[in-house]
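Let me begin by presenting the structure, written as structure tokens, before commenting on it.
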Amino acid sequence: MPRPVLVAVDDDRECLSALKRELGDRYSRDYRIVCTASPKDALATLEKLAEDGEDVALVLADQWLPGTTGSELFGQVRRLHPHAKRGLLITWGGWGDPATGQAIFDSMAHGRIDYYVLRPSHSPDEVFHHTISSFLLEWARDRRVAPHTIRVVGEVWSGRAYELRDVLGRCAIPHSFCLADSNEGRTLLAGAQTGSKLPLVIFPDGNVLADPTNAQLAQAAGAAVDPEHTDFDLVIVGCGPAGLSAAVYGASEGFSTLVVDDGGIGGQATSSSLIRNYLGFPAGISGGRLAEQAYEQAWVLGAKFAFMQRALDLRREGDQIRVSLSGHSGVRARAVILATGASYRRLGVPDLEAMNGAGVFYGGPASEAPGMAGHDVYVLGGANSAGQAALHLARFARRVTLVVRAESLAVGMSHYLAREVQANPNVEVRLCTEIIGGGGEDGWLDHLVLRELTTGQEETVPAVGLFLMIGAHPHTDWLPAEVSRDPRGFVLTGGNLPTRAWPLERSPYGLETTMPGVLAAGDARHGSVKRVASAVGEGSMAIQFLHALFAADGLARTEPRPQAVS
Ligand SMILES: Cc1cc2nc3c(=O)[nH]c(=O)nc-3n(C[C@H](O)[C@H](O)[C@H](O)COP(=O)(O)OP(=O)(O)OC[C@H]3O[C@@H](n4cnc5c(N)ncnc54)[C@H](O)[C@@H]3O)c2cc1C
């Protein structure tokens, strides 16, 4: 196997030789290093490597190169080697130069670079190597060349083999896949000494499972499925950002804590390839990686997990709450946190789904809006959230188009907001219109295809941003009637509780639902912000309310008001 390639481009001779030295000394055993002063030569090398099917792990380039800019070169890199990490080289303090600062900002906003890299200034320069090894680790994870222990062998990539890989992925278990008729597949099947049906899952200790159920696989792979005990201080339903945060804080404050999820780790956050608006990760972090780290953190603090278990019902049993689970008789807790999230309605246009995070965004534009400065941007949706998103974007974008399927904004938007949208000179509203296609040449959205519903006429328009605000459905259908919800199914909590529905003398705590002792956090909660950071914040807040709840426990649970709601 040829070694993956690291490419560095810098026309400053001194800097180029420092790059050669640092990269060569530290990485040449595992990577082939190509350093050049010429962007033309770099591009030719990258084209040849793409033609030969060779892997490029990392490209570093200066912003100001003869005849081109680093940002332009990175655009080509993304097209030729979509998995390569891209680092913009700057000198110490370079971010203070307004032009360089702007180049970093624009390139990050449009996904042309992964981050900036400080040129090596001395040897060994551990700051430089920290950045490089972080890039290489991320690249290895993306390419699945990081160490893996479990092997899945299947006839085809899709179907049950895909589902099994998905289960392992959602339980944060490193694994690899190969086809049964590949060289590796034949060797593994011969070694497994079993004539069983595919797909096979082969463990490092030689254990083999033939087409296991999801629960069998998760359990065999070390992710707990059956809770070891049935009584806990706290049961958290949902292992997305809100549930994971509640698990970290709950376990760290000494509560015996169980997290159950009908899938694995991470919830909706795992569909985001790069979360750029979560505190403390200036280069962004993938939703999957963030969830894995939070899971490890909760686990080392003592939280227990049960994956592939769906919560089916909640019921009070004396001073405890019983959570019925699929595949298990159920668990009991002094308090329950509902962190079951919501599913966003998807657009279902494959070309645009593939650009999720690369110009196409589900949800509001809070963090991406400044990066849309001077560009044409589209918002799809006819509700208030879409109107607000359009107005926010209009402060930055050259032009915002709000695409609505309905014949009038009045169908889904408050009157005051519809008037504001229509009065904004920077916002155009296209009614009776849908989005049926789109794409981008160098890995970032550059056009959309719209269709007018009444005439069927199609039009291709330039666009660098598409914000999809087409609704979310909370996972709360399974809850009993005692847990009050808004008309769309989001759980009501704290100050939003209908007074009649609250059964106790004491007031409800901040995130408490109409079922005392049951709290809600994250996207499933009425009025939540639908962001990773706010879900995490609510998960931790819920734990603070538990302290007060447990202190008030006896009184609260034994003295229901006479007019308690049915
Ligand atoms: C494509 C996409 C990209 C996004 N990008 C960003 C971004 O860049 N930045 C950002 O801040 N936000 C982003 N978001 C929003 C963010 O992911 C959510 O706001 C966040 O994940 C909400 O966390 P949560 O824990 O409340 O719910 P979720 O993440 O939805 O987790 C809920 C969990 O509950 C489980 N569950 C549901 N019902 C049951 C049940 N009955 N029994 C057991 N388990 C159950 C589910 O399996 C799931 O694992 C994105 C969302 C999407 C869809």
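According to my numbering, the sequence shown is numbered sequentially starting from 1.
Using N, Cα and C, we set each Cβ at its ideal position, and we do this for glycine too.
On the DSSP letters alone, give me the boundaries of the alpha helix (DSSP H) that residue i sits inside.
i, result
"Ile104", "Pro98 to Ala109"
"Tyr162", "Arg160 to Arg170"
"Leu519", "Note, Leu519: premise wrong, no alpha helix (DSSP H); beta strand (DSSP E) at Val518 to Ala520."
"Leu137", "Glu126 to Asp142"
"Thr187", "Asn183 to Ala192"
"Tyr572", "The structure shown does not extend to residue 572, since the chain is modelled only from 1 to 566, so the question has no answer here."
"Leu393", "Asn384 to Ala394"
"Ala220", "Asn214 to Ala220"
"Leu549", "Val532 to Ala551"
"Leu244", "Pro241 to Ser252"
Compute the distance between the beta-carbons of residue i and residue j, then report whether it is under 7 Å.
i, j, result
"Val403", "Ile436", "no"
"Ile173", "Ala221", "yes"
"Arg86", "Asp125", "no"
"Gly438", "Met413", "no"
"Gly111", "Trp444", "yes"
"Leu409", "Ala418", "yes"
"Ala57", "Pro4", "yes"
"Val259", "Phe305", "yes"
"Asp442", "Gly75", "yes"
"Leu60", "Ala8", "yes"
"Pro516", "Phe490", "no"
"Ser38", "Ser71", "no"
"Met469", "Gly381", "yes"
"Val532", "Tyr278", "yes"
"Val400", "Val429", "no"
"Gly101", "Trp95", "yes"
"Ala192", "Val208", "yes"
"Ala140", "Leu234", "no"
"Ala521", "Glu538", "yes"
Would you kindly report the start and end of the unbroken beta strand (DSSP E) that includes residue i?
i, result
"Gln320", "Gln320 to Leu325"
"Phe305", "Lys304 to Ala306"
"His175", "His175 to Leu179"
"His473", "Ala472 to Pro474"
"Leu312", "Ala311 to Glu317"
"Ala410", "Unbroken run through Ala410: none, as it is neither H nor E."
"Leu200", "Leu200 to Ile202"
"Val117", "Tyr115 to Leu118"
Per DSSP, which one or two residues make a beta bridge with residue i?
i, result
"Asp25", "DSSP, once it has assigned bridges, lists no residue as partnering Asp25."
"Arg86", "Val59"
"Asp231", "Arg332"
"Asp376", "Arg399"
"Cys35", "Ala8"
"His447", "Gly439 and Pro462"
"Ile600", "With the chain represented from 1 up to 566, any question about residue 600 goes unanswered, as that position is not in the structure."
"Gly154", "Leu179"
"Asn356", "Val360"
"Phe467", "Phe361 and Val379"
"Tyr344", "Ala472"
"Arg419", "BP columns for Arg419 are empty, so no partner."
"Val77", "Val77 is not bridged to any residue."
"Val259", "Ile236 and Phe305"
"Ile337", "Ile236 and Leu519"
"Leu43", "Answer by DSSP bridge pairing: none, since Leu43 is not bridged."
"Ala210", "Leu200"
"Arg430", "Val403"
"Trp64", "Thr69"
"Glu452", "Thr433"
"Val300", "Note: Val300 sits in no beta bridge, so no partner."
"Arg525", "Val491"
"Arg485", "Val491"
Could you check if residue i belongs to the surroundings of ligand 2, using beta carbon to heavy atom distance under 6 Å?
i, result
"Asn356", "The ligand content of the structure shown is limited to ligand 1, which means ligand 2 is not among them."
Is the region 518 to 527 touching the region 236 to 248 in the sense that three or more CB pairs, one from each, lie closer than 8 Å? yes
At a cut of 8 Å, does the region 362 to 373 reach the region 448 to 456 through at least three beta carbon pairs? no
Any contact between the region 374 to 392 and the region 458 to 473? By contact I mean 3 or more CB pairs, one from each, below 8 Å. yes
Please determine if the region 472 to 484 and the region 146 to 166 are in contact, where contact requires at least 3 C-beta pairs separated by less than 8 Å. no
With three or more beta-carbon pairs closer than 8 Å as the criterion, would you say the region 286 to 302 touches the region 340 to 347? no
Touching or not, the region 350 to 365 and the region 262 to 274, by the rule of three or more beta carbon pairs under 8 Å? yes
Report yes or no: do the region 539 to 547 and the region 246 to 258 share at least 3 C-beta pairs separated by less than 8 Å? yes
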